[in-house]
């Protein structure tokens, strides 16, 4: 994986998460949020356990040394982010949830500047603004009048909390990359996240007012989110963040609504609109500006 360019890893992760976003909305009538999240991570744990077990045994002492950080990773990256998104989509519209999700790079920039002392370049600032404009163009369908009518509700606030959790998780991955082994840390984070989600899962399954429908769609959603959106995407994302930096990696999250739109066109019969194409181009331009290496100055004397 070290030979794969970091931007490829980050884009692939956002492709999988774009699908996760669509599935999370589409399966809401069959699987309540905590049930989907709990079964997702149980699936991920079972698949990843054979891969990470031996590294875990070798590196267990390091994890014990940084156990507080590992617990915080489990809270923010495993138990909270997607679960809160699933919960939020029961209370807010997709346009609102997508709009709030675009604030992730800004939060990452602020947190990394304050806590990690990372410097922000002009290209990073300009690229972030351009990508943000592109995402806003997509989710507003090219009409900024809809943004003027935007109002906060319970779901919007939940999305903000989820975005903050993900920003913190990304920064933790970057800061502790040299001290915590990747695979064992991820495996333990999944296990801890499952324990945290268990009481909420039991509540949903035992509550007669909450209906759970088992079908090919719900089972497929669990397998997709558990294997692709969890293991494959998280490994790619973590590797990309470590190699590229939290600031530059954060801008790639703006690809999620772009791919979510693409999957909606391919799999649920929606038509591709001009505003989606224009917005997608803006997002790509912003990513290019943010990740472009600075030009070296030369001197004749």
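Numbering (this note's numbering), first residue to last: 27 to 327. No residue lacks a Cβ here, since even glycine has one placed at the ideal position from N, Cα and C. Here the structure is a predicted model, which means the values were calculated and not measured.
For residue 180 and residue 168, the rounded distance between their alpha carbons = Within the chain shown, numbered from 1, the residue matching residue 168 stands at position 142. Within the chain shown, numbered from 1, the residue matching residue 180 stands at position 154. Distance between the alpha carbons of residue 168 and residue 180: 25 angstroms.
Taking 8 angstroms as the threshold, find out whether the stretch 38–52 comes into contact with the stretch 280–296 through three or more Cβ pairs.
-> Touching, yes, given that three or more Cβ pairs across the two stretches are closer than 8 angstroms.
With distances taken between CB atoms, is the gap from residue 308 to residue 89 smaller than 8 angstroms?
-> Against the chain shown, residue 308 aligns to sequence position 282. Against the chain shown, residue 89 aligns to sequence position 63. Not a contact, by the Cβ cut-off of 8 angstroms.
Just mark residue 136 as buried or exposed, buried being the case when its beta carbon has 16 or more other beta carbons within 10 Å.
-> In the chain shown, counting from the first residue as 1, residue 136 sits at position 110. Under a 10 Å Cβ-count criterion, residue 136 is classified as exposed, with fewer than 16 other Cβ atoms of the shown protein chains found around its own Cβ.
Residues near residue 28 in its chain [Cβ-Cβ closer than 6 angstroms; skip 5 each side] | Walking along the chain shown from the start, residue 28 turns up at place 2. Nothing listed; no residue qualifies.
For residue 144, name the three-state secondary structure that DSSP assigns.
-> Against the chain shown, residue 144 aligns to sequence position 118. DSSP places residue 144 in coil when its eight states are reduced to three.
Residue 143 classed as buried or exposed, judged by whether at least 16 other C-beta atoms fall within 10 angstroms | Position 117 of the chain shown, counted from the first residue, corresponds to residue 143. So residue 143 counts as exposed.
Return no unless some Cβ of chain D is closer than 8 angstroms to the Cβ of residue 134.
-> Absent here is chain D; the protein component of the structure consists of one chain.
Do residue 128 and residue 280 have their C-beta atoms closer together than 8 angstroms?
-> Sequence index remark: in the chain shown, residue 128 carries index 102 (1-based). Sequence index remark: in the chain shown, residue 280 carries index 254 (1-based). The answer is yes: Cβ separation under 8 angstroms.
Which runs of the alpha helix (DSSP H) fall wholly inside the stretch 216–295 and span at least 4 residues, in chain order?
-> 242–249, 259–270, 272–276 and 281–293
Quick one, which of 75, 230, 274 and 161 has its alpha-carbon nearest residue 126's?
-> Position 100 of the chain shown, counted from the first residue, corresponds to residue 126. Nearest of 75, 230, 274 and 161 to residue 126, Cα basis: 161.
Coil, strand or helix - residue 190 by DSSP | Against the chain shown, residue 190 aligns to sequence position 164. Residue state, collapsed to three classes: helix.
Rounded separation between residue 157 and residue 35 - CA only | For the purposes of this step, residue 157 is taken as residue 131 along the chain shown, with counting starting at 1. For the purposes of this step, residue 35 is taken as residue 9 along the chain shown, with counting starting at 1. Distance from the CA atom of residue 157 to the CA atom of residue 35, rounded to whole angstroms, is 19 angstroms.
Go to residue 203, then tell me how far its alpha helix (DSSP H) extends in each direction, as first and last residue.
-> Counting from 1 along the chain shown, the entry for residue 203 is found at position 177. From DSSP, residue 203 is part of no alpha helix (DSSP H); its letter is neither H nor E.
Which listed residue (92, 269, 65 and 275) has its alpha carbon closest to that of residue 104 = Reading the chain shown from its first residue, position 78 is the one you call residue 104. Looking at the Cα atoms, 65 is the closest of the given residues.
For the alpha helix (DSSP H) that residue 63 lies in, which residues bound it at each end?
-> Position 37 of the chain shown holds residue 63. Element bounds for residue 63: 59–91.
Hey, residue 67 and residue 219: beta-carbon distance below 8 angstroms or not?
-> Start at 1 with the first residue of the chain shown, and residue 67 comes out as number 41. Start at 1 with the first residue of the chain shown, and residue 219 comes out as number 193. Cβ distance < 8 angstroms, so residue 67 and residue 219 count as in contact.
Nearest to residue 259 by CA position, among 108, 201 and 81, is which residue?
-> Counting from 1 along the chain shown, the entry for residue 259 is found at position 233. Comparing alpha-carbon positions, the option among 108, 201 and 81 lying closest to residue 259 turns out to be 108.
C-alpha gap between residue 215 and residue 204, whole angstroms | Counted from its first residue, the chain shown places residue 215 at position 189. Counted from its first residue, the chain shown places residue 204 at position 178. Distance between the alpha carbons of residue 215 and residue 204 is about 17 angstroms.
Option in 41, 31 and 57 with minimal Cα separation from residue 241 | Within the chain shown, the letter at position 215 stands for residue 241. Of the listed residues, the one whose Cα sits closest to residue 241 is 57.
Helix or strand or just coil, what does DSSP make of residue 128?
-> Taking the first residue of the chain shown as 1, we reach residue 128 at position 102. Residue 128 falls in the coil class under three-state DSSP.
Cβ-based burial, residue 140 [other Cβ within 10 Å; buried from 16] = Here residue 140 corresponds to residue number 114 of the chain shown, with the count starting at 1. Exposed, by the Cβ-count rule.
Rounded to whole angstroms, what's the CA-CA distance from residue 71 to residue 174? Just pull it up for me.
-> Residue 71 sits at position 45 when you count from the first residue of the chain shown. Residue 174 sits at position 148 when you count from the first residue of the chain shown. Taking the straight line joining both Cα atoms gives about 43 angstroms.
Can you have a look at residue 21 and say buried or exposed, based on whether 16 or more other CB atoms are within 10 angstroms of its CB?
-> Because the chain spans 27 through 327 in this model, residue 21 falls outside it and cannot be assessed.
Contact check, residue 112 vs residue 31, beta carbons under 8 angstroms = Translated into positions along the chain shown, residue 112 becomes position 86. Translated into positions along the chain shown, residue 31 becomes position 5. No, the pair does not count as a contact, with Cβ atoms beyond the cut-off.
Are three or more beta carbon pairs between the stretch 229–238 and the stretch 188–195 nearer than 8 angstroms?
-> no
Element boundaries [alpha helix (DSSP H), containing residue 45] | Translated into positions along the chain shown, residue 45 becomes position 19. Where residue 45 is concerned, the enclosing alpha helix (DSSP H) stretches over 32–52.
Backbone CA spacing between residue 78 and residue 208 [nearest angstrom] | For the purposes of this step, residue 78 is taken as the residue at position 52 of the chain shown. For the purposes of this step, residue 208 is taken as the residue at position 182 of the chain shown. If I take the Cα positions, the gap works out to 9 angstroms.
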